[in-house]
Amino acid sequence: KACRQIGYQGVGTFEFLFENDEFYFIEMNTRLQVEHPVTEMTSGIDIVQQQIRMAMGERLSFSQADISVSGHSLECRINAEDPRSFMPTPGQVTRWQIPGGFGVRVDSHVSHGYRVPPYYDSMVAKVITHGASRDEALAR
Numbered sequence: 001k002a003c004r005q006i007g008y009q010g011v012g013t014f015e016f017l018f019e020n021d022e023f024y025f026i027e028m029n030t031r032l033q034v035e036h037p038v039t040e041m042t043s044g045i046d047i048v049q050q051q052i053r054m055a056m057g058e059r060l061s062f063s064q065a066d067i068s069v070s071g072h073s074l075e076c077r078i079n080a081e082d083p084r085s086f087m088p089t090p091g092q093v094t095r096w097q098i099p100g101g102f103g104v105r106v107d108s109h110v111s112h113g114y115r116v117p118p119y120y121d122s123m124v125a126k127v128i129t130h131g132a133s134r135d136e137a138l139a140r
C-alpha cells in the first residue's frame, strides 16, 4: 500500500519498530537489505531471484497472502577486524573454514588466500541459521 501511494516500483524495504503492540515506522530503503537472508530462510522465498525477475519486467510470482513464516532465523556478520579496537584489519586470509549443516547458510566471497582490501567494508561473510525455535537457530 505504501509503495502504491508513493508510486514506487522495484525492490525496497520498510523498517518498523514493534513495541507495546504498536508499529512505528523507521525508514524505507530502495535496495535489498544486508539482512535479507533472514527473511529468505523463514519464508522460503528467494528475494534476489524475485528482484531480478522484477527488473526484467515480470510480476512477483506470489501474493502477500501466499507468504507464511516458518521458524526463527539469525544472521551473524563476520568482519575482518581487530577484536580489541574493532578497526578493519586488511590482509591475507590464511585459514578459511566455513560452518555447514542443516539450517546453516553462509554468504561470502572469501576463500583461502583471499586478500582483504583496506578500501571497503570489512565484512567478509554472513552466517545465517534457521530453526524451528529461536534456541534451535542459536544452537546451529
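full-length UniProt numbering puts the first residue of the sequence shown at 1, with every later residue one more than the last.
All residues carry an ideal CB built from backbone N, CA and C; glycine is no exception.
No experiment lies behind these values; they were computed from the predicted model shown.
Residue i in three-state terms, based on DSSP
i           : result
residue 21  : coil
residue 77  : strand
residue 92  : strand
residue 132 : coil
residue 121 : coil
residue 107 : strand
Where residue i falls, given that 16 or more other Cβ within 10 Å makes a residue buried
i           : result
residue 28  : exposed
residue 129 : buried
residue 80  : buried
residue 38  : buried
residue 95  : exposed
residue 109 : exposed
Of the listed residues the options, nearest to residue i (C-alpha basis)
i           : options              : result
residue 13  : 121, 3 and 110       : 3
residue 34  : 138, 43, 123 and 139 : 123
residue 68  : 23, 41, 91 and 96    : 41
residue 114 : 138, 97 and 102      : 97
residue 140 : 109, 100 and 116     : 100
residue 111 : 92, 120 and 63       : 92
residue 106 : 121, 78, 120 and 60  : 78
Beta carbon proximity, residue i to chain C, threshold 9 Å
i         : result
residue 6 : Here there is only one protein chain, and chain C is not present.
Quick one: any contact between the segment 127-135 and the segment 64-76, if contact means 3 or more CB pairs under 8 Å? yes
Inter-stretch contact at 8 Å, needing at least 3 Cβ pairs: the segment 48-55 / the segment 86-100: no
For the UniProt domain "ATP-grasp" (1-56), which segments carrying the alpha helix (DSSP H) assignment without a break, of at least 4 residues, lie completely within its bounds, in sequence order? 2-6, 36-43 and 47-55
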